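J.: Using this note's numbering, read the sequence shown as starting at 94 and increasing by one per residue.
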Amino acid sequence: MKIEEIQKLIENINKLNLEEVNIETETLKLKIKKHTPSSVVASALLHPDAVALPAAGQPMIPTTAPAVANTTHTNEPDVATNQVEIKSPMIGTFYRSANPDTPPFVSVGDEVKVGQGICIIEAMKLFNEIEAEVAGKITQILVDDASPVEYDQPLFTIEPC
94 MKIEEIQKLI ENINKLNLEE VNIETETLKL KIKKHTPSSV VASALLHPDA
144 VALPAAGQPM IPTTAPAVAN TTHTNEPDVA TNQVEIKSPM IGTFYRSANP
194 DTPPFVSVGD EVKVGQGICI IEAMKLFNEI EAEVAGKITQ ILVDDASPVE
244 YDQPLFTIEP C
């Protein structure tokens with residue numbers, strides 16, 4: 094099951110107002126449970142006989158999610174600080190570079206263009222390059238390398254130019 098399919102399933106569960114759904118096959122065990130009215134928690138674990146598990150200390154998918162405030166996601170600058178947050182589009186593991194031997198995509202102070210790769214989020218062994226949604230200067234990197242991230246979690250702040 095691909096991450097996009099899981100996200101679509103979560104959306105449908107919200108529309109149907111279901112509290113909990115369990116799906117189990119030979120290769121996948123998926124449990125989706127409504128955590129609060131404004132968030133859904135999903136955990137997916139591959140069956141141990143299906144594929145190799147990730148290396149020790151590398152979670153496949155975080156199994157808990159904090160309550161998420163009911164806010165709308167926009168890429169408009171915060172009027173008070175003139176900063177735009179780039180948020181995670183998925184649950185996964187955040188990486189600043191393509192591999193340990195290469196420099197990070199961006200650092201604090203770097204200028205970025207719309208569509209420029211700024212990090213990678215690994216979800217279920219798929220590596221997804223995240224692109225800048227606005228042009229500007231990176232003012233903060235809010236997540237440590239190789240850390241788990243949640244859906245809609247702020248990753249970077251950018252000062253638009």
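Quick reminder that beta carbons are idealized off the backbone N, C-alpha and C, glycines included.
Keep in mind that this is a model prediction, so the values were computed, not measured.
1) Is the beta carbon of I211 less than 8 Å from the beta carbon of I184?
2) When DSSP labels each residue in this structure, what does L111 get in the three-state scheme?
3) For L219, does the count of other Cβ atoms within 10 angstroms reach 16, so buried, or fall short, so exposed?
4) According to DSSP, which residues form a beta bridge with A233?
5) Who does P241 pair with in a DSSP beta bridge?
6) Ordered along the chain, which non-local residues of its own chain (more than five positions away) have a Cβ less than 8 Å from that of P253?
7) When the Cα of F187 is compared with those of F249, E112, E97, which residue comes out closest?
8) Within the same chain, show all residues whose beta-carbon is closer than 8 Å to that of T167, passing over the 5 residues directly before and after it, in chain order.
9) Just the Cα atoms here: how many angstroms apart are I234 and E224?
10) Determine the burial state of K108: buried for a count of at least 16 other Cβ atoms within 10 Å of its Cβ, exposed for fewer.
11) With DSSP run on the structure shown, which of helix, strand or coil describes N105?
12) Determine the contact status of R189 and D238, defining contact as a CB-CB distance below 8 Å.
13) Could you give the residue range of the beta strand (DSSP E) that holds A216?
14) Could you check where the beta strand (DSSP E) with K206 kicks off and where it finishes?
T.: If we stick to the structure as given:
1) Locating residue 211 in the sequence shown gives position 118, where the first residue counts as 1. Locating residue 184 in the sequence shown gives position 91, where the first residue counts as 1. No.
2) Position 18 of the sequence shown, counted from the first residue, corresponds to residue 111. Of the three classes helix, strand and coil, the one that applies to L111 here is coil, per DSSP.
3) Position 126 of the sequence shown, counting from 1, holds the residue named residue 219. So L219 counts as exposed.
4) Start at 1 with the first residue of the sequence shown, and residue 233 comes out as number 140. One detail in the question is off: residue 233 reads as Gln in this sequence, not Ala. For Q233, which the question treats as bridged, DSSP gives the partners T250.
5) The residue you call residue 241 lines up with position 148 of the sequence shown. Answer by DSSP bridge pairing, in chain order: T186.
6) By 1-based counting over the sequence shown, the position of residue 253 is 160. The answer, listed in chain order, is P170, N175, V177, V227, A228, G229.
7) By 1-based counting over the sequence shown, the position of residue 187 is 94. Here the closest residue by C-alpha is F249.
8) Within the sequence shown, numbered from 1, the residue matching residue 167 stands at position 74. Here T167 scores only 48 on pLDDT, less than 50, and its place in the model should not be relied on; the value that follows carries that caveat. Excluding positions up to five away in sequence, the list is empty.
9) Within the sequence shown, numbered from 1, the residue matching residue 234 stands at position 141. Within the sequence shown, numbered from 1, the residue matching residue 224 stands at position 131. Their Cα atoms are separated by approximately 14 Å.
10) Locating residue 108 in the sequence shown gives position 15, where the first residue counts as 1. Exposed is the call here.
11) The residue you call residue 105 lines up with position 12 of the sequence shown. Note: N105 maps to helix in three-state DSSP.
12) Taking the sequence shown and counting its residues from 1, one reaches residue 189 at position 96. Taking the sequence shown and counting its residues from 1, one reaches residue 238 at position 145. Result yes, Cβ atoms of R189 and D238 sit closer than 8 Å.
13) Along the sequence shown, one-based indexing puts residue 216 at 123. 210-216 is the span of the beta strand (DSSP E), which, as asked, contains A216.
14) The residue you call residue 206 lines up with position 113 of the sequence shown. It is not in any beta strand (DSSP E) - K206 carries neither H nor E in the DSSP assignment.
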